[in-house]
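Chains as they are written, first to last, in this note's numbering: chain C, -2 to 184; chain S, 61 to 312.
Structure first, then comments.
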């Protein structure tokens, strides 16, 4: 990409503060140029998330076992009221064919996911695979609409760098909360 | 005697010798679909038996494809790097390729002169993926790679390690399909949920592949076991001396 264009994009991504003053770190997953769609229909580049601590996990709306348990475990964390010392939760679908924005909206309602704190994303399958590859998240469609996948939760600092990964299903949410607090102070 | 019949349980290799009416039909309109200019091999429809047993899925159909006859060479990769400066060694973004990216090149645009026609290695999955996309192609999936090159070759005079780099399926033996003694990236190398890192940071996942070998479809296929173990140990930014790639595309 031409330097001036890259600069223009960086500025465009910075219209909504807080954001990175300079270009994205070479170790940031926000280097991934992909366009995601939120459940409200808005499109999103990952680098627009810079400036906040994000807790990212993959899921799919028709998942009946691990995903809802992971989401509920994350919901149960005591992180203070939304808006103050914020950590956002990102749910990225591994089943973009089924998980339309409407399906994501239904999931938000069913799981009672706070609008300020949770973002639900779908993207092109090749970008989902790239993001999963960046994070070391493994998944495989084993039957139409059913996936085998790992239960990895990733904490991203304000620059989009991976600072912590663990399973949310092993009960050790204190460790996850500590990683989120540490990421908030690391700005 | 047909060795697929002689040795029971050679499931990964055996599909290639089974009668496949779809493959035979496809073979009547065959290779014309693929490009000789691009050195592609027409791979007829086939089947793939996953190495790990699962109740939900046993045998998968594999669609016909135009598979590159050989891995991408240093010379070919050089052309790509010229046109895609973000993949020059000095400019590559660290998150997409670790420090040893193109480590055997002398500088950004100088592969070892004696290795121009050898497979490019020291390339990450992201680089391989982008290369194939630039060619209007993509990396083969595990199922596609195994269908074309994962024939069990127990009867061959070869070390298990060399065998693990692949043997052409029986119906591809007379094609120019070349396996060059390197590992190769696959699009969904990270599909098998067997690695400790992916299942949580604790590394105590009971389905780690070592403890899970007994669930393999054919535990005697040591070459396939090596490939699956190797793939599941990879991260997408890895750049290794003996890991290259080739591209494929759906047969038109």
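We treat Cβ as the ideally placed atom computed from N, Cα and C, and that holds for glycine.
Note that the structure is predicted; figures quoted are calculated from it, not measured.
Taking a Cβ-Cβ cut-off of 7 Å, the neighbours of residue 295 of chain S in chain C comprise 133, given in sequence order. Annotation: residue 57 of chain C has no Cβ neighbours in chain S at a cutoff of 8 Å; minimum Cβ distance is about 14 Å. Just so you know, the alpha carbons of residue 148 of chain S and residue 172 of chain S end up roughly 15 Å apart. Residues of chain S whose Cβ lies closer than 8 Å to the Cβ of residue 25 of chain C are, in chain order, 155.
Taking a C-beta cut-off of 9 Å against chain C, the contacting residues of the segment 164 to 189 of chain S are 185, 186, 189, listed in chain order. Between residue 42 of chain C and chain S, the shortest Cβ-Cβ separation is not below 8 Å. Taking the C-beta atoms as reference points, residue 299 of chain S is found no nearer than 8 Å to residue 135 of chain S.
With fewer than 16 other Cβ atoms inside 10 Å of its own Cβ, residue 241 of chain S counts as exposed.
Below the 8 Å Cβ cutoff, chain S contributes 153, 155, 156 as neighbours of residue 28 of chain C, in chain order.
Taking C-alpha positions only, residue 176 of chain C is separated from residue 118 of chain S by approximately 41 Å. Taking all protein chains in view, the Cβ of residue 100 of chain S is crowded by 16 or more other Cβ atoms within 10 Å, so the residue is classified as buried. Nearest to residue 86 of chain C by alpha-carbon distance, out of C:95, C:93, C:115, is C:115.
In its chain, beyond the 5 residues on either side, 57, 96, 119 have a beta carbon closer than 6 Å to the beta carbon of residue 90 of chain C. In this structure, the straight-line span from the alpha carbon of residue 163 of chain C to that of residue 161 of chain S is close to 28 Å. Secondary structure of residue 121 of chain C (DSSP, three-state): coil. In this structure, the straight-line span from the alpha carbon of residue 309 of chain S to that of residue 55 of chain C is close to 28 Å. Contact annotation: residue 173 of chain C and residue 180 of chain C have beta-carbon atoms that are not nearer than 8 Å. At a cut-off of 8 Å between beta carbons, residue 47 of chain C makes no contact with chain S. Beta-bridge partners of residue 125 of chain S (DSSP): S:103, S:310. The DSSP assignment places 32 to 35, 40 to 42 as complete runs of the beta strand (DSSP E) inside the segment 19 to 51 of chain C, in order along the chain (cut-off: 3 residues).
Closest in C-alpha terms to residue 141 of chain C, from the list C:60, C:51, C:47, C:52, comes C:60. Only residues of its own chain outside the window of five on either side were considered, and among them 144 have a CB closer than 7 Å to the CB of residue 138 of chain C, listed in chain order. For a Cβ distance threshold of 7 Å, residue set 250 of chain S lies close to residue 129 of chain C, ordered along the chain.
Between residue 133 of chain S and residue 179 of chain S, the beta carbon gap of about 6 Å places them in contact (Cβ cut-off 8 Å). The C-beta of residue 248 of chain S has 16 or more other C-beta atoms within 10 Å across all chains shown, which makes the residue buried. Residue 101 of chain C: member of the alpha helix (DSSP H) spanning 98 to 108, first to last residue. Per the DSSP secondary-structure output, residue 108 of chain S pairs in a beta bridge with S:120. In the DSSP assignment, residue 157 of chain S falls outside any alpha helix (DSSP H), carrying neither H nor E. Taking 8 Å as the cut-off, the beta carbon of residue 43 of chain C is found no closer than this to the beta carbon of residue 133 of chain C. With at least 16 other beta carbons inside 10 angstroms of its own, residue 291 of chain S counts as buried. Distances from the CA of residue 106 of chain S to each of S:121, S:94, S:97 were compared; the closest alpha carbon is that of S:121. Here DSSP, grouped into helix, strand and coil, assigns residue 297 of chain S to coil. Beta-bridge analysis with DSSP links residue 136 of chain C to C:146. For residue 227 of chain S, the three-state secondary structure derived from DSSP is strand. In the DSSP annotation of this structure, residue 166 of chain C is not part of any beta strand (DSSP E), being labelled neither H nor E.
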